[in-house]
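As given, the protein sequences belong to chains A and B, one line each in that order. Quick note on the numbering used here: the first sequence kicks off at 1 and runs consecutively. Quick note on the numbering used here: the second sequence kicks off at 365 and runs consecutively. For glycine and all other residues, C-beta sits at the position ideal for the given N, C-alpha and C. These numbers were taken from a predicted model, which means no experiment stands behind them. Notes to accompany the following structure.
Number of protein chains: 2
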Amino acid sequence: MPVYEDPIDGVRLDAGALLRWTTSVVQRLGAPGDIAADVAELLIASDLRGIASHGTARLPQYAKLAEAGVMDPAGRPVLERGKPALSLFDAQNGFGHHAGRVAIDHAIERAGEAGTAIAVVRNSNHYGIAGWYAMRAASAGMIGMSLTNTSPLVAPTRARVSMLGTNPIAVAAPAGKYGMLVLDMATSTIPRGRIEVAARRGEPLPIGWAIGSDGSPATTPELALSGSLQPLGGEESTAGYKGYGLSLIVELFTGILAGAAFGPNIIGLFSTAGKSDLGQFYMAIDPGAIGDTNAFVSRLEQLIDQLIDAPLIPDAPGPVLYPGQPEAERAQKQQRDGIVIDREHYDSLLSIAERFAIALPDAL
Amino acid sequence: MPVYEDPIDGVRLDAGALLRWTTSVVQRLGAPGDIAADVAELLIASDLRGIASHGTARLPQYAKLAEAGVMDPAGRPVLERGKPALSLFDAQNGFGHHAGRVAIDHAIERAGEAGTAIAVVRNSNHYGIAGWYAMRAASAGMIGMSLTNTSPLVAPTRARVSMLGTNPIAVAAPAGKYGMLVLDMATSTIPRGRIEVAARRGEPLPIGWAIGSDGSPATTPELALSGSLQPLGGEESTAGYKGYGLSLIVELFTGILAGAAFGPNIIGLFSTAGKSDLGQFYMAIDPGAIGDTNAFVSRLEQLIDQLIDAPLIPDAPGPVLYPGQPEAERAQKQQRDGIVIDREHYDSLLSIAERFAIALPDAL
Chain A
1 MPVYEDPIDG
11 VRLDAGALLR
21 WTTSVVQRLG
31 APGDIAADVA
41 ELLIASDLRG
51 IASHGTARLP
61 QYAKLAEAGV
71 MDPAGRPVLE
81 RGKPALSLFD
91 AQNGFGHHAG
101 RVAIDHAIER
111 AGEAGTAIAV
121 VRNSNHYGIA
131 GWYAMRAASA
141 GMIGMSLTNT
151 SPLVAPTRAR
161 VSMLGTNPIA
171 VAAPAGKYGM
181 LVLDMATSTI
191 PRGRIEVAAR
201 RGEPLPIGWA
211 IGSDGSPATT
221 PELALSGSLQ
231 PLGGEESTAG
241 YKGYGLSLIV
251 ELFTGILAGA
261 AFGPNIIGLF
271 STAGKSDLGQ
281 FYMAIDPGAI
291 GDTNAFVSRL
301 EQLIDQLIDA
311 PLIPDAPGPV
321 LYPGQPEAER
331 AQKQQRDGIV
341 IDREHYDSLL
351 SIAERFAIAL
361 PDAL
Chain B
365 MPVYEDPIDG
375 VRLDAGALLR
385 WTTSVVQRLG
395 APGDIAADVA
405 ELLIASDLRG
415 IASHGTARLP
425 QYAKLAEAGV
435 MDPAGRPVLE
445 RGKPALSLFD
455 AQNGFGHHAG
465 RVAIDHAIER
475 AGEAGTAIAV
485 VRNSNHYGIA
495 GWYAMRAASA
505 GMIGMSLTNT
515 SPLVAPTRAR
525 VSMLGTNPIA
535 VAAPAGKYGM
545 LVLDMATSTI
555 PRGRIEVAAR
565 RGEPLPIGWA
575 IGSDGSPATT
585 PELALSGSLQ
595 PLGGEESTAG
605 YKGYGLSLIV
615 ELFTGILAGA
625 AFGPNIIGLF
635 STAGKSDLGQ
645 FYMAIDPGAI
655 GDTNAFVSRL
665 EQLIDQLIDA
675 PLIPDAPGPV
685 LYPGQPEAER
695 AQKQQRDGIV
705 IDREHYDSLL
715 SIAERFAIAL
725 PDAL
């Protein structure tokens, strides 16, 4: 639950206008309208929630992959095999966002019949924020879960090289007056982008975030950027092996189960050296299959009531939060007032706008 | 992946003999033979794997609960409601171990038909090691998962009181020449028992393990024992909110989904103030439903090959491990040479043996 701050010297863009512009750009890359709509919705949802690293700021990279021919913007997922509650899709090397939308919708529909259902996807690409797919199930009154493997950036406990990705875990559930509970977390202590922020700010790093290329704790961003992230928990003495274990379980449920690339065999993030062949996992669980969904939601509301009212530690920066709360507040504000992006991000969109001759919406 | 050491002044008991003795004791508490067999198998599996805190050392507490009438040793789980891939059981306040064995077997059977299946259990009790149930699915060639909520011992990020349990996550999968991958981890940085060990050894505590009752970091075991454990990740600056989020997700999948007690409303561990009403979650996923199970196992073997061969950090205490490796090695050794338990544990078994007039097997 990071606290988001508006970037200094930021630019404000209307969310609806940015969505339409993004859709046009993705179509220009070669995606049919329905695929472009899925991609754009995901990217804008990410920007709205304050997760700039997974939103429209990635458009230049997607363009690069499409132009290099290592991703097929028109690729559509194909259902390969399965049983009533477990399905395997081949994403046909298309946008991960579209394959994911199709797969979670499939899981939601099947869960309505069987009580729960899983869809796994192979031959996929970067899919944006894991939380979006889980939230789609929560919008349907179900518990949703989404996992993806990613390019190796994390060193397992005791190793000095990156063998696993930041492999996120996302779970969401409808939470009544609280909207939704949305956990969306990388299984590394922090994402790589946080180290880039520390580099810009000239900050030292706490122990447990990263190691240098020699395997020693990285106390500066420079050492960290040439080394590896540490799994959640950090050092072995503070149970970093649990974060390593979680990252490995995400790999098990995605690359290993779906028959995609896995672990150290996945190519670099947005590399054009070949196709990504990522694996993704989607699950929906229908509480209505075993009880009253309203009662389920009430229990969750009551638990959140209790959590946010807990007495605080000294110097707490604010009240106890529930997962997804800051992101939801941010999204509501930005939907109303516009999405604030930093200057570098804005310049990259301007450059795309110019290249494709699709005028970027005016800043607010 | 803690490194286990034989206790100083330990006593060695034959695993098979201890299993038979434990079965007799549990029957004497009022459990029918099949229920007692499940409980005993779980407790011995825990002792064999070196997790003494969840094995036969708990017999005095189970006896206390049965004798106080807050747990029904003869209680049998009843299937209440469900659809093909999601079932709800009422454990009828019986042993959690038996309800769990029935529930995971149900999930395995259903997963064989549907591809995946979940069974959740309410009105349950302490169920021993979460990993055992996941391993049962792995023995059947599937991915297994098991979760339970537990008595509040963990303070959410920013809170100074215990609101959630150490809520474990267990996942297992068949791993060919490596036997099984078994992740079985509390979502707190460390278990409470580790602080008791530090107290006996007079060790200071690292930041991130626990807070005192005033909410400040507990740097001594004494402060920690009167306070709360911290979630995996520790402080907010080292992403402790992720461990808090994981603990909350376990609560969502167990107490909230199953309609059991949840969060701060669960009574204290082994308290006789009332029944526990714990919630538990079991899932089986059949890789054979979407591909060749042997190919799935080969991929996992290959990933483990790569992980354990990774170059090491300076001063690494040993090679990279895979989850469940130290426990499996320990179990194999103790199955052959006998289970080594510490003197306090041995004395508690002697006292039970005397009370029920069931002679404890001779020490080896």
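8 Å Cβ cut-off: residues of chain B touching residue i
{"i": "Ile-211 of chain A", "result": "Ile-677"}
{"i": "Met-180 of chain A", "result": "Within 8 Å Cβ-Cβ: nothing; Met-180 of chain A doesn't reach chain B, min ~12 Å."}
Beta-carbon gap between residue i and residue j smaller than 9 Å
{"i": "Val-485 of chain B", "j": "Asp-454 of chain B", "result": "yes"}
{"i": "Leu-610 of chain B", "j": "Asn-489 of chain B", "result": "no"}
{"i": "Val-661 of chain B", "j": "Thr-157 of chain A", "result": "no"}
{"i": "Ala-582 of chain B", "j": "Pro-311 of chain A", "result": "no"}
{"i": "Ile-493 of chain B", "j": "Ser-410 of chain B", "result": "yes"}
{"i": "Leu-328 of chain B", "j": "His-461 of chain B", "result": "As shown, chain B starts at 365 and ends at 728. That puts residue 328 of chain B outside it, with no answer to give."}
{"i": "Ile-677 of chain B", "j": "Ala-155 of chain A", "result": "yes"}
{"i": "Ile-716 of chain B", "j": "Val-403 of chain B", "result": "no"}
{"i": "Gly-655 of chain B", "j": "Arg-81 of chain A", "result": "yes"}
{"i": "Glu-327 of chain A", "j": "Gly-50 of chain A", "result": "yes"}
{"i": "Ala-659 of chain B", "j": "Gly-259 of chain A", "result": "yes"}
Partner residues on chain A for residue i, Cβ-Cβ distance less than 8 Å
{"i": "Glu-615 of chain B", "result": "Leu-303"}
{"i": "Val-466 of chain B", "result": "Neighbours of Val-466 of chain B on chain A: none; closest Cβ ~16 Å, over 8 Å."}
{"i": "Val-518 of chain B", "result": "The premise fails here: Val-518 of chain B is roughly 11 Å from chain A at the closest Cβ pair, so nothing lies under 8 Å."}
{"i": "Ile-482 of chain B", "result": "Gly-115, Thr-116, Ile-285"}
Listed by chain order, chain B residues near residue i by CB distance under 7 Å
{"i": "Lys-242 of chain A", "result": "Met-549, Leu-596"}
{"i": "Phe-262 of chain A", "result": "Arg-663, Leu-667"}
{"i": "Ala-289 of chain A", "result": "Gly-446, Lys-447, Leu-450"}
{"i": "Ala-173 of chain A", "result": "Leu-616"}
Residues near residue i by beta carbon distance below 8 Å, same chain, minus five either side
{"i": "Gln-27 of chain A", "result": "Gly-33, Ala-36"}
{"i": "Ile-630 of chain B", "result": "Asn-513, Thr-514, Ser-515, Pro-516, Gly-529, Gly-619, Ser-640, Asp-641, Leu-642"}
{"i": "Leu-443 of chain B", "result": "Ser-451, Leu-452, Phe-453, His-470"}
{"i": "Ala-74 of chain A", "result": "Gly-30, Ala-31, Pro-32, Ile-35, Gly-94"}
{"i": "Ile-668 of chain B", "result": "Ala-539, Tyr-542, Leu-545, Tyr-686"}
{"i": "Gln-335 of chain A", "result": "Ala-15, Leu-48"}
{"i": "Gly-141 of chain A", "result": "Pro-174, Asp-286, Pro-287, Gly-288, Thr-293"}
{"i": "Phe-262 of chain A", "result": "Asn-149, Glu-251, Thr-254, Gly-255, Ile-256, Gly-279"}
Cβ-based neighbour list, residue i, same chain, cut-off 7 Å, excluding 5 preceding and 5 following
{"i": "Thr-636 of chain B", "result": "Lys-428, Leu-429, Ala-432, Val-434"}
{"i": "Leu-364 of chain A", "result": "Arg-12, Leu-13, Asp-14, Gly-338"}
{"i": "Pro-725 of chain B", "result": "Leu-377, Asp-378, Ala-381, Leu-382, Trp-385"}
{"i": "Ser-580 of chain B", "result": "none"}
{"i": "Ala-562 of chain B", "result": "Leu-569, Pro-585"}
{"i": "Leu-673 of chain B", "result": "One detail in the question is off: residue 673 of chain B reads as Asp in this sequence, not Leu. Nothing listed; no residue qualifies."}
Residue i: contacting residues in chain A (beta-carbon distance under 7 Å)
{"i": "Val-485 of chain B", "result": "Simply none; closest approach about 11 Å."}
{"i": "Met-499 of chain B", "result": "Correct list: empty, because the minimum Cβ distance to chain A is about 14 Å."}
{"i": "Thr-602 of chain B", "result": "Thr-189, Pro-206, Gly-208, Gly-234"}
{"i": "Met-527 of chain B", "result": "Gln-306, Leu-307, Ala-310"}
Neighbourhood of residue i by C-beta, 6 Å cutoff - its chain only, sequence neighbours within 5 removed
{"i": "Gly-495 of chain B", "result": "Ala-534, Val-546, Asp-548"}
{"i": "Pro-628 of chain B", "result": "Pro-516, Met-527"}
{"i": "Gly-193 of chain A", "result": "Ser-53"}
{"i": "Pro-2 of chain A", "result": "Reliability fails at Pro-2 of chain A, whose pLDDT of 49 lies under 50, so the model's placement of it is uncertain and the value that follows must be treated cautiously. Closer than 6 Å at Cβ, skipping near neighbours: no residue."}
Beta strand (DSSP E) segment containing residue i, residue limits
{"i": "Ser-87 of chain A", "result": "86-90"}
{"i": "Lys-83 of chain A", "result": "78-83"}
{"i": "Phe-645 of chain B", "result": "642-649"}
{"i": "Gly-508 of chain B", "result": "507-512"}
{"i": "Ser-552 of chain B", "result": "No beta strand (DSSP E) holds Ser-552 of chain B; DSSP gives it neither H nor E."}
{"i": "Ala-534 of chain B", "result": "533-538"}
{"i": "Ile-341 of chain A", "result": "339-341"}
Contact list for residue i against chain A, beta-carbon separation under 9 Å
{"i": "Arg-524 of chain B", "result": "Ala-310, Pro-311, Leu-312, Ile-313, Pro-314, Ala-316"}
{"i": "Val-390 of chain B", "result": "What Val-390 of chain B touches in chain A: nothing, since even the nearest Cβ is about 30 Å away."}
Limits of the unbroken alpha helix (DSSP H) element including residue i
{"i": "Asn-658 of chain B", "result": "657-672"}
{"i": "Pro-221 of chain A", "result": "221-225"}
{"i": "Ser-611 of chain B", "result": "604-615"}
{"i": "Thr-390 of chain B", "result": "For clarity, residue 390 of chain B is Val in the given sequence; the question names Thr instead. Looking at the DSSP string, the run of the alpha helix (DSSP H) that includes Val-390 of chain B is 379-392."}
{"i": "Ile-44 of chain A", "result": "33-48"}
Contact set between residue i and chain B, taken where Cβ atoms lie within less than 9 Å
{"i": "Asp-214 of chain A", "result": "Ile-677, Pro-678"}
Decide yes or no for the touch test of the stretch 187-202 of chain A against the stretch 691-708 of chain B: beta carbon pairs closer than 8 Å, at least 3 of them. no
Taking one C-beta from the stretch 461-469 of chain B and one from the stretch 497-510 of chain B each time, how about it: are there three or more such pairs within less than 8 Å? yes
Would you check if there are 3 or more beta carbon pairs closer than 8 Å linking the stretch 200-209 of chain A to the stretch 218-231 of chain A? yes
Do the stretch 107-119 of chain A and the stretch 282-293 of chain A meet, that is, are 3 or more Cβ pairs less than 8 Å apart? yes
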